[in-house]
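See structure below.
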Amino acid sequence: MCGIALILSNSEAVVDSSLDSFQVGLAHRGPDGSSALKEKINSTFIGFAHTRLSIIDLSSSGDQPMVDSLNGNIIIFNGEIYNYLDLKEDLIQSGEVFESNSDTEVLLKGYKLWGIKKLLYKTRGMFGFCLYDKEQNEIFIIRDPLGIKPLYYAYDGSNFVCASEIKSIISLNIFSNKILRSSIDSYLAYGSVQPPNTIYESVKILFPGHMLQFKVSSEMNISPNSYWEWDEYTNREDISIDNISSALDTSVTRHLVSDVPVGVLLSGGYDSTAIALLASQLTSNSICSYTLSFADNKVMSENINAKKIADFCGIQNEALIVSNQDIIDSFDSFFTSMDQPSDDGFNVFIISRMLKQYGNKVFLHGVGGDELFGGYPSFTDIPRALQLKKFNSSILRKLLSFLDNSKIRTKKIKELLSVDFNFLHAMYVRRNIFGINERKDLMRENRQFSIMSISEDYENFLEKSINSSKSLSSKISMHELMQYSASKLLIDGDVMSMSQGLEFRFPFLDVDLISEVLSLKNNISSFSNLHKDKSIIKRSIKNFPNDLMMKRKMGFTLPITDFIKNEIINNLDDINSVLIEDFKFCPNGLNKFWNWYRQSKEPNSWLRGWVLMSLVNWSKHHSFSIE
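All letters in the sequence shown, in the order written, are residues 17 to 643 by this note's numbering.
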């Protein structure tokens, strides 16, 4: 796990200064070392920068940038290749000779023998890497199929940059820091900017399962293309619970591969319990689990139940005790660590900050369980929406007119009925924070607003992903994986965990496991029973401790919603000032929203204010311009 950056420019001075900047700006991602390499190709200078978090092959032979001594190919790699030992054995049998015990070198040798696409289909892991083929004078920039490791890039016709974080690109002062107005709209809709856009007009993010491939020249063709086809993986036949059980074992075993100790984040829910139990069964190494405990809120603390589960698994458990003051004191550091505005990531930041004191680097995390096994409300709400659309819309509107229009759920139902139904629209309405009419009220603009506030490229990407599945349940899973998880949870999880120099691994986000689960869904006419209480997990894991499961789902959430809401209300003048003056929000629209916000008693109403507060606080810690 590391920080990586690549720059191409016809100015050697630009490359030199950029490499220095990268090594400083990405140091938090790789506190165990940093290095850089510069090459000149005709009139173009190429710079590679790397900051290292040592996980596999702790020796200097695993350092990057890594150069193939036989052909001069160069790679910078961020992530983990979990099946690298199997791939290495295949390569050795084919005559390849290795100079290190790293997974990075496996990518270099694998590319040489198999080519890029065969290598990528053989590889199991999380990754973002840049590879330079010296003989072909060609660059490959690649992101893993699930988007676990983000890769950002910018190109102005003269300079090209790719890096693990947006901050490191903007800090070069090469590219514009102008805000993309449509990204603000996207942020209001989802609580995160939807790819391929970022908050900045000049910076893009690579889609999951995509790569940039181009020749180094004065005029480079920077155009992403897909290398991964999900429909080859999600339509297998004759899939059973036994297949999923085997795939779970394989995935957890892969994710335990490490030259440093591996811990488990244990919330006491089904997903983290499954990982903790399997980890304890599949390794002879000692395992320690970690659970959040709140000094000022015993009701939200899960350490007592988590300790029972840890004892059942035969592993040690540590309580990460957090006070309200700890949380308050973390605000500035959290917003400084942000790459771009998001309503997510604060819980990961707090957890990561607490974990750092224990000295471990690697932790297994349960992200992906809800997406695969039906843990989100979308798995029940979307089928209901389909049924709802079968009724006469005029009758429904009359019925809805009697309901409280201030309710978020009522607004969402009305928005769903106002458009021609399709799956993506339904998923948007389920996930949206501010609907289209609310966004129009808030943003002082005379332009066409789209209901989903996403680009045509992203819509095509999502449609292709969900159409790889047959059943409604598997389509929901794929959408949650490709949209909610990849564009929010994983991006925020990466930047916040890496801000503390930690690596989070996600055993549920394994392409072979996903293949088994979605294929099972596609081969069963009704999947509702398997969604109930994570039935697949319980049936797939021997001796699963059902009687220890908490009835109330919490996960790694923070008990500060009331505090946040009060904090927002107490600072409205400051928040409004920034939104109106810096972001050109409409005063009347803001007043309308805040009047609702003060009065609302809905459980999740705090989140909508947090979206605006996060935008304001991000702006105070980061460089930007707006017209």
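Note that beta-carbon positions come from the ideal geometry of N, C-alpha and C, so glycine has one too.
Check: Expressed to the nearest angstrom, what Euclidean distance is found between the alpha-carbon atoms of Glu643 and Lys456?
Finding: Counting from 1 along the sequence shown, the entry for residue 643 is found at position 627. Counting from 1 along the sequence shown, the entry for residue 456 is found at position 440. The C-alpha of Lys456 is placed about 18 Å away from the C-alpha of Glu643.
Which complete alpha helix (DSSP H) runs does the stretch 227 to 311 hold, if anything under 4 residues is left out?
Residue ranges of uninterrupted alpha helix (DSSP H) with 4 or more members, entirely inside the stretch 227 to 311 and ordered along the chain, are 257 to 271 and 286 to 298.
**Asked** In whole angstroms, what separates the C-alpha of Lys133 from that of Leu167?
**Response** For this step, residue 133 is matched to residue 117 along the sequence shown. For this step, residue 167 is matched to residue 151 along the sequence shown. Our two residues, Lys133 and Leu167, have alpha carbons roughly 18 Å apart in a direct line.
What are the partner residues of Ala335, as DSSP defines its beta bridges? Here residue 335 corresponds to residue number 319 of the sequence shown, with the count starting at 1. Bridge pairing for Ala335: Thr307 [DSSP].
### Task
Please confirm if the stretch 188 to 198 is in contact with the stretch 29 to 46, defined as three or more CB-CB distances below 8 Å between the two stretches.
By the Cβ test, the stretch 188 to 198 is in contact with the stretch 29 to 46, since at least three Cβ pairs between them sit closer than 8 Å.
Every unbroken alpha helix (DSSP H) within the stretch 52 to 138, with a cutoff of 4 residues, ordered by chain
The qualifying runs are 100 to 109, 119 to 130 and 132 to 138.
*Reduced DSSP secondary structure (H/G/I, E/B, other) of Gly571*: Stepping through the sequence shown from its first residue, residue 571 is reached at position 555. The predicted model places Gly571 with a pLDDT of 48, which falls under 50 and marks its position as unreliable, so this point remains unresolved.
Original post:
Nearest to Thr67 by CA position, among Phe609, Lys372, Val445 and Ala21, is which residue?
Top reply: Looking up residue 67 in the sequence shown gives position 51. Among Phe609, Lys372, Val445 and Ala21, the Cα nearest to that of Thr67 belongs to Ala21.
| request: Pair every Cβ in the stretch 334 to 345 with every Cβ in the stretch 368 to 384, then say whether three or more of these pairs are closer than 8 Å. | output: The answer is yes - the stretch 368 to 384 touches the stretch 334 to 345, with three or more Cβ pairs under 8 Å.
Check your understanding: Smallest Cα separation from Ser358: which of Ser261, Leu228, Tyr500 and Ser274?
Key -> As a first step, residue 358 is located in the sequence shown; it is residue number 342 there, counting from the start. It is Tyr500 whose Cα lies nearest to the Cα of Ser358.
Determine which residues share a DSSP beta bridge with Ile221 and list them.
Your numbering for residue 221 matches position 205 in the sequence shown. In DSSP, Ile221 forms a bridge with Tyr168.
task: Identify which residue in Leu24, Ile186 and Asn438 has its Cα closest to the Cα of Ala65.
output: Here the question's residue 65 lines up with position 49 in the sequence shown. It is Leu24.
### Message
What does the alpha-carbon distance come out to for the pair Phe350 and Trp130?
### Response
Walking along the sequence shown from the start, residue 350 turns up at place 334. Walking along the sequence shown from the start, residue 130 turns up at place 114. CA-CA distance, Phe350 to Trp130, rounds to 42 Å.
*Who are the near neighbours of Lys194 in its chain, counting only those whose CB is closer than 6 Å to its CB and skipping five residues on each side?*
Sequence index remark: in the sequence shown, residue 194 carries index 178 (1-based). For Lys194, the CB contacts under 6 Å within the same chain, skipping 5 residues up- and downstream, are Glu217 and Ser641 in chain order.
Asn586 to Ser630 span [Cα, whole Å]: Indexing the sequence shown from 1 puts residue 586 at position 570. Indexing the sequence shown from 1 puts residue 630 at position 614. A straight line joining the alpha-carbon of Asn586 with that of Ser630 spans about 15 Å.
Proximity below 8 Å, CB of Phe230 to CB of Ile155: Stepping through the sequence shown from its first residue, residue 230 is reached at position 214. Stepping through the sequence shown from its first residue, residue 155 is reached at position 139. By the CB criterion at 8 Å, Phe230 and Ile155 fall inside the cutoff.
message = Less than 6 Å between C-beta atoms, sequence neighbours within five positions excluded: which residues of the same chain meet that for Glu248?
response = Indexing the sequence shown from 1 puts residue 248 at position 232. Take Glu248, set aside five residues on each side of it, and no residue of its chain has a beta-carbon closer than 6 Å to its own.
- Since Ile72 contacts Glu96 with CB under 8 Å, what's their CB separation in whole angstroms? The residue you call residue 72 lines up with position 56 of the sequence shown. The residue you call residue 96 lines up with position 80 of the sequence shown. That pair is a contact at about 7 Å.
### Message
Tell me which residue opens and which closes the beta strand (DSSP E) that Gly144 is part of.
### Response
In the sequence shown, counting from the first residue as 1, residue 144 sits at position 128. DSSP places Gly144 in the uninterrupted beta strand (DSSP E) bounded by Gly141 to Asp149.
Around the C-beta of Thr396, are 16 or more other C-beta atoms found within 10 angstroms, so that it is buried, or is it exposed?
The count along the sequence shown starts at 1 and reaches residue 396 at position 380. The residue is exposed, with fewer than 16 neighbouring Cβ atoms inside 10 Å.
* Asp508 burial status per 10 Å Cβ neighbour count (16 or more: buried) -> As a first step, residue 508 must be located in the sequence shown, where it is residue number 492. Of the other Cβ atoms in all chains shown, 16 or more fall within 10 Å of the Cβ of Asp508; this residue is therefore buried.
Same chain only: Cβ atoms within 6 Å of Ser262, ignoring 5 sequence neighbours per side:
Working through the sequence shown from its first residue, we reach residue 262 at position 246. Around Ser262: no qualifying Cβ.
Here's a check: name, in chain order, each residue in its chain whose Cβ is nearer than 6 Å to the Cβ of Leu272, leaving out the five neighbours to either side.
Counted from its first residue, the sequence shown places residue 272 at position 256. Excluding residues up to 5 positions away in sequence, Val278 and Thr299 lie with their Cβ nearer than 6 Å to the Cβ of Leu272 in the same chain.
* Asked: When the Cα atoms are used, what is the spatial distance from Gly571 to Phe520?
  -> As a first step, residue 571 must be located in the sequence shown, where it is residue number 555. As a first step, residue 520 must be located in the sequence shown, where it is residue number 504. In this predicted model, Gly571 has a pLDDT of only 48, less than 50, meaning its place in the structure is not dependable; the value taken from the coordinates is given anyway. Near 16 Å, if we compare the C-alpha coordinates of Phe520 and Gly571.
- Task: Measure how close the beta-carbons of Ile591 and Leu628 come, nearest whole angstrom, since I'm counting them as under 8 Å.
- Result: Position 575 of the sequence shown, counting from 1, holds the residue named residue 591. Position 612 of the sequence shown, counting from 1, holds the residue named residue 628. Correct: roughly 6 Å between the Cβ atoms.
Q. Looking at the structure shown, is Tyr216 part of a helix, part of a strand, or coil, going by DSSP?
A. Here residue 216 is taken as the residue at index 200 of the sequence shown, counted from 1. Tyr216 falls in the strand class under three-state DSSP.
Bridge partners - Cys18, DSSP secondary structure assignment
Numbered from 1 along the sequence shown, position 2 holds the residue referred to as residue 18. In the DSSP output, where bridge partners are listed per residue, Cys18 has Arg68.
- Cα-Cα separation between Leu402 and Lys486, rounded to whole angstroms: Here residue 402 refers to the residue found at position 386 when the sequence shown is read from its first residue. Here residue 486 refers to the residue found at position 470 when the sequence shown is read from its first residue. Their Cα atoms are separated by approximately 16 Å.
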